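This report concerns only the one structure given below.
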Amino acid sequence: MASISFEYGGNKAFFEFIKEYNIQGLPIDQKYKHKATTYYLKRHQSQLDGVEFKETPPAKDWGEKFDRAKKGIFGFASKSEKVIEENLGKVGQKIVDNSLTDKIGGFLKKKTTT
């Protein structure tokens, strides 16, 4: 197992990884409970097991967290906008197909005049 683990980078890869997260100077108990370390260990174990690992690594700083949140919000808003546009188009077409434009137009006129 140790020789297989070494093939995936060994200690050098781990220490380089924790430098990216700037946690190398933390006390050992905090270092090994950190989200980055937990992620690294899960990823490393999946490599040893030959299992695909799809988990997103933790953000390295607040800037990265903010960028991820922003992407998520804009992605959600973009998808929602597309769904709304598609459904509005369908509703509009049903109104035309069912000859409801006069009825709706009359309803709207009554509402605005009262």
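72 is the number that the numbering used here gives to position 72 of the sequence shown; each next residue is one higher, with no gaps. Using N, Cα and C, we set each Cβ at its ideal position, and we do this for glycine too. Fair warning: this is a prediction, and the values are worked out from it, not measured in the lab.
Taking a cut-off of 8 Å on C-beta distances, the region 15-22 touches the region 35-42, as three or more cross pairs fall below it.
It is roughly 33 Å from the alpha-carbon of residue 45 to the alpha-carbon of residue 76. By the CB criterion at 7 Å, residue 68 and residue 53 fall outside the cutoff.
Under the three-state reduction of DSSP output, residue 59 falls in the coil class, being neither helix nor strand. Burial is judged here by how many other beta carbons sit within 10 angstroms of a residue's own beta carbon; residue 40 has at least 16 and is buried. Between the beta-carbon of residue 14 and that of residue 24 there is about 10 Å, and that puts the pair past the 8 Å contact cut. In the displayed model, residue 23 falls within coil according to three-state DSSP, outside both helix and strand.
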